[in-house]
Amino acid sequence: MISLILRLIINAIGLWLAARLVTGVDIVGVDGGEFTVETAIKLLILAAIFTVVNALVKPLVKLLSLPLVILSLGLFLLVINALMLWLTSWVAEFFDGGLTISGFWAAFWGGLIIAIVNFVLGLVVPDRD
48 MISLILRLII
58 NAIGLWLAAR
68 LVTGVDIVGV
78 DGGEFTVETA
88 IKLLILAAIF
98 TVVNALVKPL
108 VKLLSLPLVI
118 LSLGLFLLVI
128 NALMLWLTSW
138 VAEFFDGGLT
148 ISGFWAAFWG
158 GLIIAIVNFV
168 LGLVVPDRD
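For the record, in the sequence shown the residue sitting at position 24 is 71 according to the working numbering, with numbers rising by one throughout.
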């Protein structure tokens, strides 16, 4: 249970950094101002949606695009990350999440930042065996 909560926090940090660093990735209510409790709650809701999308949809998309992943030597996984972020934005509209992605390249760079944050902070939080 603690591992799941830490993973949600890591995804929330990744989403926050992506919104701060990438032009075109915006979280409504999360601006350059102070970090409030409402901001943290909104980020955790978006992180939960992102985690569910990655757990349910991403394995199927990776399986179906396996030839492209092999052909591109794994670089197509970055495109899949961008698509998962874009799908998270679409799903968040139904929950009044407020994540907006302005285009593919914004989703691409945002997905790359989230992947890097997940990798680096994932070294601190080990997976269950």
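Quick reminder that beta carbons are idealized off the backbone N, C-alpha and C, glycines included.
When the distance is taken between beta carbons, is T135 closer than 9 Å to F166? At a Cβ-Cβ threshold of 9 Å, F166 and T135 do not count as neighbours.
Using only alpha-carbon positions, find the residue among V72, D73 and T86 that is nearest to I56. With distances taken between Cα atoms, I56 lies closest to T86.
T147 in three-state terms, based on DSSP: The three-state secondary structure of T147, taken from DSSP, is strand.
Is the Cβ-Cβ distance between F142 and I88 less than 9 Å? When the beta-carbon positions are compared, F142 and I88 stay at least 9 Å from each other.
Just checking my contact of A65 with I160 at CB under 8 Å: how many whole Å lie between their CB atoms? Sure, about 5 Å apart at Cβ, within 8 Å.
Spatial neighbours of A129 within its chain, please: CB distance less than 7 Å, with the 5 preceding and 5 following residues excluded, ordered by chain position. Closer than 7 Å at Cβ, skipping near neighbours: F151, A154, F155 and G158.
Considering Cα atoms alone, identify which of L110, V164 and L168 is closest to L68. That would be V164, whose Cα lies nearest to the Cα of L68.
For a minimum of 3 consecutive residues, which ranges assigned as the beta strand (DSSP E) are wholly contained in the region 52-118? Here the runs fully enclosed are 72-74.
Just checking my contact of S149 with G71 at CB under 8 Å: how many whole Å lie between their CB atoms? The pair is a contact, with the Cβ atoms about 4 Å apart (cut-off 8 Å).
Relative to the C-alpha of N101, which residue among V171, L170, P173 and R54 is closest? Checked all of V171, L170, P173 and R54; the closest Cα to N101 is R54.
Near A162, which residues of its chain fall below 6 Å by C-beta distance, leaving aside the five closest residues on each side in sequence? Cβ within range, chain order: N128.
Please tell me whether V69 has its Cβ less than 9 Å away from any Cβ of chain B. This model lacks chain B altogether, as it is built from one protein chain only.
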